[in-house]
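**Q** Residue numbers for the sequence shown follow the working numbering, beginning at 200 and rising by one. Backbone N, C-alpha and C define an ideal beta-carbon position, used for all residues, glycine too. Can you read through this structure? Questions will come right after.
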Amino acid sequence: MSSLRFKAVEVASKRQPVEISLPAERPSNYFGKYVFNQEKMFRYLPRETYRLLRRAIEEGTPLSLAVADEVASGMKKWAMEMGVTHCTHWFQPLTEGTAEKHDAFVVHDGKGGMIEDFTGKQLVQQEPDASSFPSGGIRSTFEARGYSAWDPASPVFIIGDTLMIPTVFISYTGEALDYKAPLKKALAAVDKAATKVAKFFDENVSHVTANLGWEQEYFLVDEAFYHARPDLMLTGRTLMGHDSAKNQQMDDHYFGAIPERVAEFMKDLEIQALQLGIPCKTRHNEVAPNQFELAPIFEECNLAVDHNMLLMSLMRKVAKKHGFRMLLHEKPFAGVNGSGKHNNWSLTTNNGALLHSPGRTPEENLRFAVFIVETLRGVYRHNGLLKASIASASNAYRLGAHEAPPAIISAFVGKQIGDMLQKIAHSTTEQLFTLEGKHGMRLDIPQIPELMIDNTDRNRTSPFAFTGNRFEFRAVGSSANCASAMIVLNTAVAEALADFHERVSGRIEKGQTKTAALLDVLREDIKDIRPIIFEGNGYSDEWKTEAEKRGLDCEVSVPLMIDTYLHPQSIAMFERMGVMKKAELQARNDIKWETYQKRVQIESRVLGDLAMNHIIPVATRYQTQLTESVLRLQQAFNKDDAQRLGSYNIDLIEKINKHTTFIAQATNEMVEARKKANTIPTLREKAIAYHDTIAPYLESIRYHIDKLELIVEDSLWTLPKYREMLFIR
Ligand code: ADP
Ligand code: MG
Numbered sequence: 200m201s202s203l204r205f206k207a208v209e210v211a212s213k214r215q216p217v218e219i220s221l222p223a224e225r226p227s228n229y230f231g232k233y234v235f236n237q238e239k240m241f242r243y244l245p246r247e248t249y250r251l252l253r254r255a256i257e258e259g260t261p262l263s264l265a266v267a268d269e270v271a272s273g274m275k276k277w278a279m280e281m282g283v284t285h286c287t288h289w290f291q292p293l294t295e296g297t298a299e300k301h302d303a304f305v306v307h308d309g310k311g312g313m314i315e316d317f318t319g320k321q322l323v324q325q326e327p328d329a330s331s332f333p334s335g336g337i338r339s340t341f342e343a344r345g346y347s348a349w350d351p352a353s354p355v356f357i358i359g360d361t362l363m364i365p366t367v368f369i370s371y372t373g374e375a376l377d378y379k380a381p382l383k384k385a386l387a388a389v390d391k392a393a394t395k396v397a398k399f400f401d402e403n404v405s406h407v408t409a410n411l412g413w414e415q416e417y418f419l420v421d422e423a424f425y426h427a428r429p430d431l432m433l434t435g436r437t438l439m440g441h442d443s444a445k446n447q448q449m450d451d452h453y454f455g456a457i458p459e460r461v462a463e464f465m466k467d468l469e470i471q472a473l474q475l476g477i478p479c480k481t482r483h484n485e486v487a488p489n490q491f492e493l494a495p496i497f498e499e500c501n502l503a504v505d506h507n508m509l510l511m512s513l514m515r516k517v518a519k520k521h522g523f524r525m526l527l528h529e530k531p532f533a534g535v536n537g538s539g540k541h542n543n544w545s546l547t548t549n550n551g552a553l554l555h556s557p558g559r560t561p562e563e564n565l566r567f568a569v570f571i572v573e574t575l576r577g578v579y580r581h582n583g584l585l586k587a588s589i590a591s592a593s594n595a596y597r598l599g600a601h602e603a604p605p606a607i608i609s610a611f612v613g614k615q616i617g618d619m620l621q622k623i624a625h626s627t628t629e630q631l632f633t634l635e636g637k638h639g640m641r642l643d644i645p646q647i648p649e650l651m652i653d654n655t656d657r658n659r660t661s662p663f664a665f666t667g668n669r670f671e672f673r674a675v676g677s678s679a680n681c682a683s684a685m686i687v688l689n690t691a692v693a694e695a696l697a698d699f700h701e702r703v704s705g706r707i708e709k710g711q712t713k714t715a716a717l718l719d720v721l722r723e724d725i726k727d728i729r730p731i732i733f734e735g736n737g738y739s740d741e742w743k744t745e746a747e748k749r750g751l752d753c754e755v756s757v758p759l760m761i762d763t764y765l766h767p768q769s770i771a772m773f774e775r776m777g778v779m780k781k782a783e784l785q786a787r788n789d790i791k792w793e794t795y796q797k798r799v800q801i802e803s804r805v806l807g808d809l810a811m812n813h814i815i816p817v818a819t820r821y822q823t824q825l826t827e828s829v830l831r832l833q834q835a836f837n838k839d840d841a842q843r844l845g846s847y848n849i850d851l852i853e854k855i856n857k858h859t860t861f862i863a864q865a866t867n868e869m870v871e872a873r874k875k876a877n878t879i880p881t882l883r884e885k886a887i888a889y890h891d892t893i894a895p896y897l898e899s900i901r902y903h904i905d906k907l908e909l910i911v912e913d914s915l916w917t918l919p920k921y922r923e924m925l926f927i928r
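Okay, here's the thing in structure tokens:
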């Protein structure tokens, strides 16, 4: 009965590293080998086309179809030299992943012949027959068609024999059906608003770019175990499994030596990622056994999002080659750390100023204070929405667990920045300034020492932490598309900056000097954002009580968190910033509720099956063995001795019976609860019912299964145990 488990142990324990030989060239030679990057654009495009394309990328100017034709022809030449035969529009539908539809590089001439071709039209726009992607009803109510449209800001690349073209996915009437379209709008909004504010300090600023540096955490398990655990295969996490006696208590995995098999996997992954232009930089073990991290250098946000999506699919593929399965789920194993994807975020001007970095002059430091405070203001005003942006059925298992930020968004700035803000808030303009020669006003904020950039006073428990020259949003889940969080963050900061600009300009128009106006508004805002700043231990229970007092969003139910997207102030923000309209938000919420409900439903079904097909039969078999032993004792000994000698086993029989009775009963109740919830007609209410009446069974049933795992004889147990799965040799 337990053969699959023991076969898996055998296969995994004999598995050898798949050795990878490094390419002969240096990484700088093969970096971007499969990307139509700037260098290739220059080489394959006519001079004028190259210029127009660069301008489109850098300034967002539209390209004519004639120019697109020239670009397509250059791309085709390069791609065919690389052995490419197909092309596809690559897009990010509202499922967690990417989609593609491959077309051959050929046109039939209608006379039985064919030629290789790839036109501007094919590059610019396609109509994938993608009617089963979630659209939240948008396409059925408005228009059935969905279009994918080329995003020149993210370079095309080659996978195997296919040219991949990053695209946005929109409906016939322009509603976004994906993550990329609203992300690009959010980035445009923050560019516009931040540029206006940055101009207060430097007239030459014409563009502001949002940067994103993600840190991807993941688990690896041996493929053999994966196949022996239906829960891992079907839900991405283990729905049961008792703690291994040793897991992460010794902290010996964190930054420890990377196991050889994993090291070969990482090498392979990195080479391929570099060839695709993903600028990988760090790799290390994480806290939990079998947990690892990969982080590239930060890039422009839209490109960074594409690179993360690309990396996730690359990781899956490369892991298989090495006999692993990659787990991107936020909490694949209970009792050890889960996986997140820290999103390091900052803004840079076109002339190179890092707006979240302290400067060298007092003016630069005032600008720094403004961007810090207005970022926090956006986060404060929309803290519930920011939480909704990272809420999912899987991330819910991680948030609030002992190692991850709680389901409350707060910000950490550290003592030095905190003191600086307080100093600005409590000073009068006269105190802050001393007149100094021709330069006019001088701001008497003590120069912020370079040292502050050091990460010494890091607070690992904060979901949104300032880390020297950027903010690190740590609540993002490991399996998520970063775009979801980045849409909200960039839009919220855009709104705060637009407000700031309006208020400062109003004061200047009324005759205040620019610096005084900036400082007055800044002071107002520093006082305003106080509730979002929290420097203490975010994992503590006191914080939950305190956060509630401060009026921060403390909702823990994912379906209710999602409601925040439709709060009047969220709709107002998205509409005013030109990112999404109410109908789009409604449609997207329907998809979120439905996705949540389906994921809980699948988990519940899988758990029910395993409980009835594996756990109860195995426990009953063991119980029968115990009963037989008791019977034998009764045959061999007198009544009293048999009683005495059999008492331990009788006790176990009772215990097993208690657990199996609970499991069988709760599984029945869970099925009934599902039947009832399935009759609910609206997606929101159905998701709520799944959260309130079905998800709790996952925990309670698991508890009893895990107890049984400790009692039942090891050789009877069919499912690989944590101690087997969690340690790669
Ligand atoms: P840690 O794990 O200590 O937080 P890592 O080096 O693993 O740090 O990852 C930090 C990430 O933050 C990297 O992707 C890095 O490129 C990125 N990063 C560094 N500076 C900035 C910045 N100014 N803006 C955005 N991202 C940044
Ligand atoms: Mg980090």
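On the DSSP bridge list, what partners appear for residue 539?
**A** Partner(s): 676.
**Q** Output the boundary residues of the beta strand (DSSP E) element that contains residue 367.
**A** From DSSP, the beta strand (DSSP E) with residue 367 extends over 361–370.
**Q** Quick one: what does DSSP say residue 742 is sitting in, helix, strand or coil?
**A** In this structure, residue 742 counts as helix in the three-state DSSP scheme.
**Q** Which of the three DSSP states, helix, strand or coil, is assigned to residue 837?
**A** Of the three classes helix, strand and coil, the one that applies to residue 837 here is coil, per DSSP.
**Q** What's the call for residue 890, buried or exposed, on a 16-neighbour Cβ count within 10 Å?
**A** It is buried - the Cβ of residue 890 has at least 16 other Cβ atoms within 10 Å.
**Q** In whole angstroms, give me the CA-to-CA distance for residue 438 and residue 364.
**A** Going from the Cα of residue 438 to the Cα of residue 364 covers about 38 Å.
**Q** With a threshold of 6 Å on Cβ separation, who are the neighbours of residue 299 within its own chain once the five nearest residues in sequence on each side are excluded?
**A** Around residue 299: 287 and 289.
**Q** Quick one: Cα of residue 362 to Cα of residue 285, how far?
**A** Rounded to whole angstroms, residue 362 to residue 285 spans 6 Å at the Cα level.
**Q** Flag residue 494 as yes when its Cβ comes closer than 6 Å to any non-hydrogen atom of ligand 1, and as no otherwise.
**A** Yes; taking the cut-off as 6 Å, the Cβ of residue 494 has a heavy atom of ligand 1 nearer than that.
**Q** Compute the minimum distance between the beta carbon of residue 412 and the heavy atoms of ligand 1, and state whether it is under 6 Å.
**A** Checking every heavy atom of ligand 1 against the Cβ of residue 412, one is found closer than 6 Å.
**Q** Do you know how far the Cα of residue 384 is from the Cα of residue 374?
**A** Near 12 Å, if we compare the C-alpha coordinates of residue 384 and residue 374.
**Q** With DSSP run on the structure shown, which of helix, strand or coil describes residue 457?
**A** Residue state, collapsed to three classes: coil.
**Q** Any heavy atom of ligand 1 closer than 6 Å to the Cβ of residue 228?
**A** Outside the cutoff, so no.
**Q** I think residue 577 touches residue 393, with their Cβ atoms under 8 Å apart; what is that distance to the nearest whole Å?
**A** At roughly 11 Å, the Cβ-Cβ gap does not stay under 8 Å, so residue 577 and residue 393 are not in contact.
**Q** Assuming residue 260 contacts residue 801 (C-beta within less than 8 Å), just tell me the rounded distance between them.
**A** That pair is no contact at about 46 Å.
**Q** Cβ of residue 572 within 7 Å of Cβ of residue 721?
**A** Closer than 7 Å, so yes.
**Q** So residue 916 and residue 817 are in contact, right, with Cβ under 8 Å, and what is the actual spacing, rounded?
**A** So it is a contact: roughly 6 Å between Cβ atoms.
**Q** What is the rounded straight-line gap between the Cα of residue 599 and the Cα of residue 220?
**A** Each residue's alpha carbon lies about 42 Å from the other.
**Q** Can you tell me whether residue 286 is helix, strand or coil according to DSSP?
**A** Three-state DSSP puts residue 286 in a strand.
**Q** Let me know the secondary structure DSSP gives residue 911 once reduced to three states.
**A** Here residue 911 sits in coil by DSSP.
**Q** Check whether the Cβ of residue 241 lies closer than 6 Å to any heavy atom of ligand 1, and answer yes or no.
**A** No.
**Q** Distance, Cα to Cα, residue 317 vs residue 456?
**A** Cα-Cα distance, rounded: 48 Å.
**Q** With 16 as the cutoff for other CB atoms within 10 Å, does residue 530 come out buried or exposed?
**A** Per the 10 Å Cβ criterion, buried.
**Q** Excluding the 5 residues flanking residue 496 on each side, which residues of the same chain have their C-beta closer than 6 Å to its C-beta?
**A** These residues qualify, in order along the chain: 478 and 480.
**Q** Should residue 272 be listed as close to ligand 1, given that the test is whether its C-beta is under 6 Å from any heavy atom?
**A** Incorrect: residue 272 has no Cβ contact closer than 6 Å to ligand 1.
**Q** Under 8 Å: do the region 583–598 and the region 749–767 share three or more Cβ pairs, one atom per stretch?
**A** Yes: at least three Cβ pairs fall under 8 Å.
**Q** Mind listing, in chain order, the continuous beta strand (DSSP E) runs of no fewer than 3 residues lying wholly within the region 867–903?
**A** As far as the region 867–903 is concerned, it has no whole beta strand (DSSP E) run of at least 3 residues.
**Q** State the DSSP-derived secondary structure class of residue 408, mapped to helix, strand or coil.
**A** Strand, per DSSP.
**Q** Check whether the Cβ of residue 481 lies closer than 6 Å to any heavy atom of ligand 1, and answer yes or no.
**A** Yes, since a heavy atom of ligand 1 falls inside the 6 Å radius drawn around the Cβ of residue 481.
**Q** Do you know how far the Cα of residue 616 is from the Cα of residue 898?
**A** Looking at the two C-alpha atoms, the distance is approximately 42 Å.
**Q** For residue 645, collect the residues of the same chain with a Cβ closer than 7 Å to its Cβ; drop the 5 residues on either side in sequence, then sort them by chain order.
**A** Bear in mind that a pLDDT of 45 at residue 645, under 50, signals an unreliable position, so the model cannot answer this.
**Q** May I ask which residues mark the beginning and end of the beta strand (DSSP E) holding residue 277?
**A** Looking at the DSSP string, residue 277 is not in any beta strand (DSSP E); the run it does join, the alpha helix (DSSP H), is 264–280.
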